[in-house]
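Numbering follows numbering that gives the first Met the number 0, with no gaps: position 74 of the sequence shown is 73. All residues carry an ideal CB built from backbone N, CA and C; glycine is no exception. Everything numeric in this text was worked out from a predicted model, so none of it was measured.
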Amino acid sequence: MATHETYIHEAVALAEANIEAGGSPYGAVIVRDGAILVRAANTVHATNDPSAHAEMVALREASRILGRRDLSDCVMYASGRPCPMCHAAMRLAGFKQGYFAFSAEEAEAHDVGSAAIYAELCQPLETQPMRLSQVRPAGEAPYAAWAARRRR
């Protein structure tokens with residue numbers, strides 16, 4: 000029977016193989032019903048897509064395979080702590096559990112982590128390095144229309 004360590008080992012092996020392929024040291028495995036559903040590595044180097052982190056690639060593939068965006072019956076295993084983008088995507092997909100092998104601080108020590116981004120995102124918008132400001136147009140926000148359409 001597979002254990003958390005088994006799946007973490009698989010994610011780390013994907014990360015190690017990705018380094019050999021010219022990529023960064025990140026791999027992810029999504030498990031459903033005790034079996035690996037998806038194996039993925041970071042493909043930013045191959046696609047020039049800054050969102051092609053291992054967890055994001057795995058999420059996209061799992062959603063495609065299952066034909067749904069709700070992955071609440073799945074578990075994510077990642078070689079490194081998911082960055083804020085991946086963490087948020089996991090939450091949006093409904094994950095209830097996730098495991099990672101190495102911390103963001105360990106990665107940061109080798110100039111590959113996201114610990115600094117985590118810290119920045121905890122600061123008020125006006126003090127963050129990327130300026131994000133609200134510019135509100137006239138009229139209603141589209142959220143009420145979206146909610147009304149969902150109730151139909």
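Sort the options by Cα distance to residue i and report the nearest one.
i	options	result
leucine 36	Ser132, Tyr76, Tyr117 and Glu15	Tyr76
valine 56	Thr42, Leu65, Arg151 and Asn47	Thr42
histidine 152	Ala53, Glu107, Ile29 and Ala40	The requested residue 152 is not part of the displayed model; the chain covers only 0 to 151.
alanine 88	Ala51, Ile64, Ala108 and Glu107	Ala51
cysteine 170	Trp145, Pro49 and Val134	Lying outside 0 to 151, the shown extent of the chain, residue 170 is not represented and no answer is given.
alanine 45	Ala137, Glu105 and Ala20	Ala20
Got a sec? Which residues, its chain only, sit under 6 Å from residue i by beta carbon, not counting five neighbours each side?
i	result
glutamine 96	Val74
cysteine 82	Ser113
glycine 93	Asp69, Leu70 and Ser71
leucine 124	Leu131
alanine 152	No information on residue 152 is available, as it lies outside the stretch 0 to 151 that the chain covers here.
Helix or strand or just coil, what does DSSP make of residue i?
i	result
methionine 75	strand
alanine 53	helix
arginine 59	helix
alanine 140	coil
valine 11	helix
leucine 36	strand
valine 111	coil
valine 30	strand
alanine 1	coil
alanine 45	helix
How close, in whole Å, do the beta carbons of residue i and residue j come, if the pair is a contact with beta carbons under 8 Å?
i	j	result
serine 78	glycine 26	5 Å
alanine 103	arginine 67	Contact flag wrong, Cβ pair sits at about 30 Å.
alanine 40	alanine 53	5 Å
Less than 7 Å between C-beta atoms, sequence neighbours within five positions excluded: which residues of the same chain meet that for residue i?
i	result
alanine 143	none
isoleucine 18	Pro24
Sorted by chain position, which residues of the same chain lie with C-beta nearer than 8 Å to residue i's C-beta, five sequence neighbours on each side aside?
i	result
glutamine 127	Glu119 and Leu120
tyrosine 98	His3, Tyr6, Ile7, Val74, Met75, Tyr76 and Ala77
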